[in-house]
């Protein structure tokens, strides 16, 4: 593919339901009830049940691996956790939209991809970038 | 807690089995067969079935959240994926050892935690650090 600064990645939209969070809890071993119990979540001042930050980060990363084709092409990945993703108690859950574009071409055939990750129009990761090896 | 540069986090040792990878595949939606099928993994040149990089990253992050107590205290997190974690086909699976220490005290009561993440003695993340808010 021809990649230059400004090249945009295909936008990816994910849906996160509470069932996904329960599955993620089981897979990750992080059973913090703020990720599955509304009562506990609101008691600690959250607007509701929120997604695991690492789950949000993983989904955002999938927009990059979907673009590179090869997950192993992602050599570096970082985020700053901004705002939690609140997951309503219904079948639709929360929407997570991941946009990305190439922010810089680096040495050794690598590029920096800058991601914009939003849920319901609000930015949830305030810095999210990956370094990928271009094919 | 009293935190200074050099303060060490309690070491955490995780075990990753192939069953964990299947659960992570289901939770993350990343069903790439290199994470559950030995034949496919070796056909593409890997030494065997390997853990999802984001799963390794998530486990390493748990050593930080276990230390801070509050997962929301982690404001930033980055890794460089170095070497894959190879997961044998047995009940023990792979071992993942996470060590960390405070590398710098930052402004606004934050600290940078530098992690050393190894499996079977080999470093698997070549750069792994988190920025945390201290209590």
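Chains as they are written, first to last, in this note's numbering: chain X, 113 to 247; chain G, 113 to 247.
All C-beta atoms in this analysis are idealised placements derived from N, C-alpha and C, irrespective of residue type, glycine included.
Because the structure is a prediction, the values reported are computed rather than measured.
To which residues does DSSP link residue i through a beta bridge?
i	result
residue 231 of chain X	X:234
residue 210 of chain G	G:124 and G:229
residue 224 of chain X	X:216 and X:243
residue 198 of chain X	X:162
Is residue i buried or exposed, if buried means 16 or more other CB atoms sit within 10 Å of its CB?
i	result
residue 155 of chain X	exposed
residue 159 of chain G	exposed
residue 98 of chain G	Nothing in the structure corresponds to residue 98 of chain G, since chain G is present only between 113 and 247.
residue 196 of chain X	buried
residue 221 of chain X	exposed
residue 167 of chain X	buried
residue 231 of chain X	buried
residue 205 of chain G	buried
residue 131 of chain X	exposed
residue 165 of chain G	buried
residue 125 of chain X	exposed
If you check the beta carbons only, do residue i and residue j fall under 8 Å apart?
i	j	result
residue 245 of chain G	residue 178 of chain G	no
residue 133 of chain G	residue 172 of chain G	no
residue 215 of chain X	residue 225 of chain X	yes
residue 240 of chain G	residue 199 of chain G	no
residue 217 of chain G	residue 243 of chain G	no
residue 163 of chain G	residue 148 of chain G	no
residue 229 of chain X	residue 193 of chain G	no
residue 213 of chain X	residue 141 of chain X	no
Return the Cβ separation of residue i and residue j in integer angstroms, given the expectation that the two are a contact with Cβ distance under 8 Å.
i	j	result
residue 101 of chain X	residue 127 of chain X	Within the shown structure, residues of chain X are numbered from 113 to 247, placing residue 101 of chain X beyond reach of any answer.
residue 153 of chain G	residue 146 of chain G	5 Å
residue 209 of chain X	residue 116 of chain X	Incorrect: roughly 24 Å between the Cβ atoms, too far for contact.
residue 121 of chain G	residue 175 of chain G	6 Å
With DSSP collapsed to three states, give me the class of residue i.
i	result
residue 116 of chain G	coil
residue 159 of chain G	coil
residue 150 of chain X	helix
residue 174 of chain G	helix
residue 186 of chain G	strand
residue 193 of chain X	strand
residue 138 of chain G	helix
residue 132 of chain X	helix
residue 167 of chain X	helix
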